[in-house]
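K.L.:
Number of protein chains: 2
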Amino acid sequence: MSVKRDITLVEVGPRDGLQNEAQPISTADKIAFIDRLSQTGLPVVEITAFVSPKWVPQMADAVEVAAGITRNPGVRYSALVPNLKGLERALAAGVTEVAIFAAASETFSHKNINSSIEASLELYREVTREALAGGLAVRAYLSTAFGCPFEGTVPIARVVSLTKRLLELGVFEVAVSDTIGVAHPGQVRAVLSALRVEVPTERVALHFHDTRGMATANVLAALDYGIRTFDASAGGLGGCPYAPGATGNLATEDLLYLVNGLGYQSGVDLDAVADASTAIELAVGHALPSRYLMARRASTIG
Amino acid sequence: MSVKRDITLVEVGPRDGLQNEAQPISTADKIAFIDRLSQTGLPVVEITAFVSPKWVPQMADAVEVAAGITRNPGVRYSALVPNLKGLERALAAGVTEVAIFAAASETFSHKNINSSIEASLELYREVTREALAGGLAVRAYLSTAFGCPFEGTVPIARVVSLTKRLLELGVFEVAVSDTIGVAHPGQVRAVLSALRVEVPTERVALHFHDTRGMATANVLAALDYGIRTFDASAGGLGGCPYAPGATGNLATEDLLYLVNGLGYQSGVDLDAVADASTAIELAVGHALPSRYLMARRASTIG
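Line by line, the protein sequences give chains A and B.
Position one of the first sequence corresponds to residue 1 (my numbering), numbered consecutively onward.
Position one of the second sequence corresponds to residue 1001 (my numbering), numbered consecutively onward.
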């Protein structure tokens, strides 16, 4: 319960990871996955998204997942909510925190949540107020902060301004997110140099994808700027379903191997996470891309 | 010809990469691969190993490969030589430099080259003298410098001492090598902190494998210590043949994405390397693990 940590891992595999899986995953498999992850020492697990099943069919069982898991009092359970209706469902389901998701690119905002950035911030102002009133902590994602698949480069000034505005809504933390995995350490340094002038470092988390092999290098760069909260996905769940082997989120295992080697105390058991990943691999029906997990598998075979 | 570079990539795909492929690769495919790589701006390509085909069947055609390639005057062509006989063949084949390979672990040395570390250094003293006399530059690998599959931890003092002794033989550079991909940035910092006291930084290259997802992070850590020469393998060739998806060498593409983002001038065209990797993929018969290459493939499909 009272683990000493100097770095915080936010596990997003059950939500950001599984929502990108083409194959439906059963509710029971999701619950078993979350319950395993809850026993690894992870302090936060994002378990689902209270979004319309029309948008994200994989998250249609959000209520059942939230109701079915065995709560570990040492773990914060979070869920994504896109609007007041989602928040209502999340409150009823008994999560301890919710996450809202804004974009740093106008085109991505329209394509992802069918709203301008400004309109989304207005909506999130209400969602945050209601969530706080309901006793929930609120986190924000700022997606496409390092690049947009439609617009390309995203100005750093916009990332800084939107991070500030999200914090002003009352969220405790903004996960500045490299949604498409284009960020490199040079860019991480540039963004964090600008951010730290305007925003307290402890309010910034980073969310990387390993699409171009930069995720652990980006974390290393961010650690030098004092960032201590990182999102990660067990096994590297979240790869693009139509590109076998293409990778999504930074793998929790790879992040742990990095921070363990640097002497940080995360409170998380690396091999327990790898066991959880190995179990969910069977359910998703393909090998997960975490390098650490692959190496562990290879050493078991060889 | 007179490219301005502030970082040097040593391409080891045709040797360290291909020698780990279970499937035989035809001599023509190897030659085409090297010729493509020679047109990408890479300053050094390690093309083959003059070792006994009993040890490494994949390198049995070393003489034919060296004779068959089209030499680009802007490229240094290197080959591995284990002994005087190998050197003789390399001299006859007209390479411009050779590489010797010592180990930092006694057990690995015995298993890999059937010799104690001390005996191998004695042998390499002769090989280096003869190579220099023959007008060849000599490079050294120091394998298992960050960990040994048999002995585990390798003392940093031994890595420093062996690096010094290899340089004293007359080699121009030692590639301090993480043969099994266990190194993390914390260890890279520790090793380089010790090395730089005893050895000029410009005589040290680093050779990483991405087995646990640390390769680009390790390079980032090493750049902060002034290291400017890194080995890499096109496409990440060099994966363990019995573990599909398990990765070997740091991919040249991923390294280039990193150093380009940091503003270094390597003189190498990233997409030209990716084209060479894509061509050799057909010959090796499986997808290569470079993250950048996967992302490029995915964006072509999607």
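The C-beta atom is built at its ideal place from N, Cα and C for all residues, glycine as well.
1. Within 10 Å of its beta-carbon, does B/Ser-1161 have 16 or more other beta-carbons around it, so buried, or fewer, so exposed?
2. Exposed or buried, A/Glu-46, counting other C-beta atoms within 10 Å across all chains shown (16 or more means buried)?
3. List the residues that DSSP assigns as beta-bridge partners of A/Glu-46.
4. Closest to A/Thr-278 by CA distance: which of A/Ala-295, A/Ser-266 and A/Thr-163 is it?
5. In chain B, which residues lie less than 8 Å from A/Asp-254 when you measure between Cβ atoms?
6. List the residues of chain A that B/Leu-995 touches, going by C-beta distances under 8 Å, in chain order.
7. From A/Arg-76 to A/Cys-148, what does the alpha carbon distance come to, in whole angstroms?
8. Taking the alpha-carbon positions, what's the B/Ser-1105 to B/Ser-1115 distance?
9. For A/Thr-216, does the count of other Cβ atoms within 10 angstroms reach 16, so buried, or fall short, so exposed?
10. Does the distance from the CB of A/Thr-40 to the CB of A/Ala-194 come in under 8 Å?
11. Under 8 Å between beta-carbons, which chain A residues line up against B/Tyr-1257? List them in chain order, please.
12. Taking B/Ser-1026 as the reference, give the member of B/Glu-1173, B/Glu-1064 and B/Val-1010 with the closest Cα.
13. Work out the CA separation of A/Glu-198 and A/Gln-19 for me, nearest whole Å.
14. Can you list, in chain order, the residues of its chain whose CB lies under 8 Å from that of A/Tyr-292, leaving out five sequence neighbours each side?
15. Identify which residue in B/Ser-1266, B/Val-1284, B/His-1207 and B/Arg-1228 has its Cα closest to the Cα of B/Asn-1249.
16. Whole angstroms is fine: what's the gap from B/Arg-1189's alpha carbon to B/Ala-1222's?
17. Determine the DSSP secondary structure at A/Val-259, reduced to helix, strand or coil.
18. Report all residues from its chain with a CB closer than 6 Å to the CB of B/Val-1010; omit the five preceding and five following residues, and keep chain order.
19. Does the beta carbon of A/Tyr-292 sit closer than 8 Å to a beta carbon anywhere in chain B?
20. For B/Leu-1132, which option in B/Phe-1050, B/Gln-1187 and B/Leu-1087 has the closest C-alpha, if you only look at C-alpha atoms?
21. Compare the C-alpha of B/Val-981 against each of B/Arg-1071, B/Val-1098, B/Glu-1168 and B/Ile-1034 and name the closest.
22. My output table needs one value for B/Leu-1123: the three-state DSSP class, helix, strand or coil.
23. Cβ of B/Ala-1022 less than 8 Å from any chain A Cβ?
24. Grouping DSSP H, G and I as helix and E and B as strand, with all else coil, what is A/Gly-152?
25. Which same chain residues, not among the five before or five after B/Glu-1185, have their C-beta less than 8 Å away from its C-beta?
26. Return helix, strand or coil for A/Glu-97, following the three-state DSSP convention.
27. Tell me, to the nearest whole angstrom, how far the beta carbon of B/Lys-1030 is from that of B/Gln-1265; I am working on the premise that it is less than 8 Å.
28. On the three-state DSSP scale, how would you describe A/Gly-13?
P.N.:
According to the data block:
1. Taking the first residue of the second sequence as position 1, residue 1161 of chain B is located at position 161. By the 10 Å Cβ count, B/Ser-1161 comes out exposed.
2. Mapped onto the first sequence, residue 46 of chain A falls at position 46. When all chains shown are included, A/Glu-46 counts as buried.
3. Taking the first sequence and counting its residues from 1, one reaches residue 46 of chain A at position 46. Looking at the DSSP assignment, A/Glu-46 forms a beta bridge with A/Ser-78.
4. The residue labelled residue 278 of chain A in the question sits at position 278 within the first sequence. Of A/Ala-295, A/Ser-266 and A/Thr-163, the residue nearest in Cα terms is A/Ala-295.
5. One-based indexing of the first sequence puts residue 254 of chain A at position 254. Residues of chain B passing the Cβ test: Arg-1212, Gly-1213 and Met-1214.
6. Nothing about residue 995 of chain B can be reported from this structure: the residues present for chain B run from 1001 to 1302 only.
7. By 1-based counting over the first sequence, the position of residue 76 of chain A is 76. By 1-based counting over the first sequence, the position of residue 148 of chain A is 148. So the two alpha carbons sit approximately 30 Å from each other.
8. Residue numbering aside, residue 1105 of chain B sits at position 105 when the second sequence is read from its first letter. Residue numbering aside, residue 1115 of chain B sits at position 115 when the second sequence is read from its first letter. Their backbone Cα atoms lie some 11 Å apart in a straight line.
9. Taking the first sequence and counting its residues from 1, the one referred to as residue 216 of chain A is at position 216. Answer is buried; the Cβ neighbour count reaches 16.
10. For this step, residue 40 of chain A is matched to residue 40 along the first sequence. For this step, residue 194 of chain A is matched to residue 194 along the first sequence. For A/Thr-40 and A/Ala-194, no; Cβs fall outside 8 Å.
11. Taking the first residue of the second sequence as position 1, residue 1257 of chain B is located at position 257. Going along chain A in sequence order, the residues near B/Tyr-1257 (Cβ under 8 Å) are His-184, Arg-212, Gly-213 and Met-214.
12. Stepping through the second sequence from its first residue, residue 1026 of chain B is reached at position 26. Checking every option, the nearest Cα to that of B/Ser-1026 belongs to B/Glu-1064.
13. Along the first sequence, one-based indexing puts residue 19 of chain A at 19. Along the first sequence, one-based indexing puts residue 198 of chain A at 198. A/Gln-19 and A/Glu-198: Cα-Cα distance of roughly 33 Å.
14. To locate residue 292 of chain A, count along the first sequence from 1; it is residue 292. So the list reads Ala-251, Glu-253, Asp-254, Leu-256, Tyr-257, Leu-270 and Ala-274, once near-sequence residues are dropped.
15. Counting from 1 along the second sequence, the entry for residue 1249 of chain B is found at position 249. Among B/Ser-1266, B/Val-1284, B/His-1207 and B/Arg-1228, the Cα nearest to that of B/Asn-1249 belongs to B/His-1207.
16. Numbered from 1 along the second sequence, position 189 holds the residue referred to as residue 1189 of chain B. Numbered from 1 along the second sequence, position 222 holds the residue referred to as residue 1222 of chain B. The alpha-carbon atoms of B/Arg-1189 and B/Ala-1222 are separated by roughly 7 Å.
17. As a first step, residue 259 of chain A must be located in the first sequence, where it is residue number 259. It is helical.
18. The residue you call residue 1010 of chain B lines up with position 10 of the second sequence. If we look at B/Val-1010 and ignore the five residues flanking it on each side, its Cβ neighbours are Val-1044 and Asp-1231.
19. Taking the first residue of the first sequence as position 1, residue 292 of chain A is located at position 292. Answer yes: the Cβ-Cβ gap between A/Tyr-292 and chain B drops below 8 Å somewhere.
20. For this step, residue 1132 of chain B is matched to residue 132 along the second sequence. It is B/Leu-1087 whose Cα lies nearest to the Cα of B/Leu-1132.
21. Since the first residue of chain B shown is 1001 and the last is 1302, residue 981 of chain B is not available in this structure.
22. Residue numbering aside, residue 1123 of chain B sits at position 123 when the second sequence is read from its first letter. Note: B/Leu-1123 maps to helix in three-state DSSP.
23. Residue mapping note: residue 1022 of chain B aligns to position 22 of the second sequence, counting from 1. B/Ala-1022 does not count as touching chain A.
24. Within the first sequence, numbered from 1, the residue matching residue 152 of chain A stands at position 152. Three-state DSSP puts A/Gly-152 in a strand.
25. In the second sequence, counting from the first residue as 1, residue 1185 of chain B sits at position 185. Note on residue identity: the sequence assigns Pro, not Glu, to residue 1185 of chain B. Closer than 8 Å at Cβ, skipping near neighbours: Met-1214, Ala-1217, Asn-1218, Leu-1220 and Ala-1221.
26. Against the first sequence, residue 97 of chain A aligns to sequence position 97. A/Glu-97: strand per DSSP, three-state reduction.
27. Along the second sequence, read from residue 1 onward, the residue named residue 1030 of chain B stands at position 30. Along the second sequence, read from residue 1 onward, the residue named residue 1265 of chain B stands at position 265. Incorrect: roughly 29 Å between the Cβ atoms, too far for contact.
28. As a first step, residue 13 of chain A must be located in the first sequence, where it is residue number 13. In the structure shown, A/Gly-13 sits in a helix (DSSP, three-state: H, G or I).
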